[in-house]
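Take a look at the structure set out below.
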Amino acid sequence: MASSTTTHPTHASAASSPDPEHQQPHRLQGALFQPIGDEGRAELVERRLVDAITRGHLRAGERLPSEADLSKSLGVAPVTVREALLALRGRGLVVTRRGRNGGSFVAAHADPLTFAREAVRRTSRLALRDLGAHYAAITGACVRLAARRADPSETQRVRRRMEHIEELDAEAQRRLLDDVQIEIVALSQSARLTREQMKLQAELSPFLRLVAHETENLRRQGAHLAAVIDAVEAADPDAAGARTELMAAETIDALIRIQATG
């Protein structure tokens, strides 16, 4: 990948049942643990971690980074992280274990699909349409630019990430698709657009996961991304953008159907 692009993300594990305590963090966690800076109050750290858990970027049973690592990555004092974790324990989202293999872990009952369903019920149909339009506009523009700028060897490297997707469990597949979408946008050679895509992907990912709860929908999401990769490799920006917009529209339509059924 060209030097102006963002760093190539860590490859997803090919294991069908990854150990939550030893699993490598996936790309979207990077968007969630960007520095908070001067606004680094405990409430903001708490909100960032709540988003990571309820959106499924930190899964049930998964170990959170240490207080020292969170403090460094979020750009806040350790006492601020400690206060936020105390609040999360009070909300039942995090449990703390002592001992050699201790630390803070996402509570076993933290089900991102439940959180996503609740979010869909709370969100108006108009807001869902607006989310889809925003995602389609930004991501569509990004993949069009990638189709104009990407080298075929870079596209093939992204394609290889998809070769063994069927060997992964459903959750690992969904995470891989998130990472692949970000990698495609990274082929635009724009660090700014890639950062924006990471934020958008983190926002839409819980809804994509909810829709992909049905195996056929998960396969369809994979087929959409494979078609985008084909279009980028063929230097066809119109096809890449159109397929991205179709995927976004189908996702929002599926969410509205879920909302209608309660």
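Residues in the sequence shown are numbered from 10 upward in steps of one, following our numbering. Even glycine gets a Cβ: it sits at the ideal position worked out from N, Cα and C. What you are looking at is a predicted structure, and each value in this text was computed from that prediction instead of being measured.
Residue range of the unbroken alpha helix (DSSP H) whose run includes residue i
i	result
Val63	The question names Val, yet the displayed sequence has Thr at residue 63. Per DSSP, Thr63 belongs to the alpha helix (DSSP H) from 51-63.
Arg126	121-131
Met171	Careful: Met171 lies outside any alpha helix (DSSP H) and carries neither H nor E.
Glu225	224-242
Straight-line gap, residue i to residue j (C-alpha atoms, nearest Å)
i	j	result
Val104	Phe114	5 Å
Gln198	Val152	11 Å
Pro74	Leu209	23 Å
Val189	Arg98	33 Å
Phe124	Gly101	14 Å
Ala232	Ile191	16 Å
Ile147	Arg109	45 Å
Ser162	Val194	15 Å
Ala243	Gly70	42 Å
Gln206	Ala145	11 Å
Arg64	Gly250	26 Å
For residue i, the first and last residue of its enclosing beta strand (DSSP E)
i	result
Gly112	112-115
Arg106	103-106
Beta-carbon proximity list for residue i, same chain, < 6 Å, skipping 5 on both sides
i	result
Leu79	Val90
Gly112	Arg72
Ala51	Thr89, Glu92, Ala93
Leu154	Ser197
Which listed residue (the options) has its alpha carbon closest to that of residue i
i	options	result
Thr270	Arg126, Ser75, His118, Pro87	Arg126
Thr224	Ala146, Ala211, Asp160, Leu177	Leu177
Asp187	Leu202, Glu212, Arg166	Glu212
Met256	Asp245, Gln230, Glu242	Gln230
Asp239	Asp139, Leu217, Thr164, Ala136	Thr164
Arg68	Gly250, Asp262, Glu205, His118	His118
Ala159	Asp245, Ala116, Gly141, Ser214	Asp245
Arg252	Thr63, Ala150, Arg184	Ala150
Glu1	Arg168, Leu227, Asp139, Glu254	Lying before the first or after the last residue shown, residue 1 is absent from the chain, which here runs from 10 to 271.
Neighbourhood of residue i by C-beta, 8 Å cutoff - its chain only, sequence neighbours within 5 removed
i	result
Val129	Leu137, Phe216, Leu219, Leu264, Ile267, Gln268
Contact set for residue i: own chain, Cβ-Cβ below 7 Å, skip 5 residues either direction
i	result
Arg106	Gly112, Phe114
Q: Indicate whether the contact test is met: 3 or more Cβ pairs, each with one atom in the stretch 154-172 and one in the stretch 253-268, closer than 8 Å.
A: Contact fails between the stretch 154-172 and the stretch 253-268, because fewer than three Cβ pairs, one in each stretch, are under 8 Å apart.
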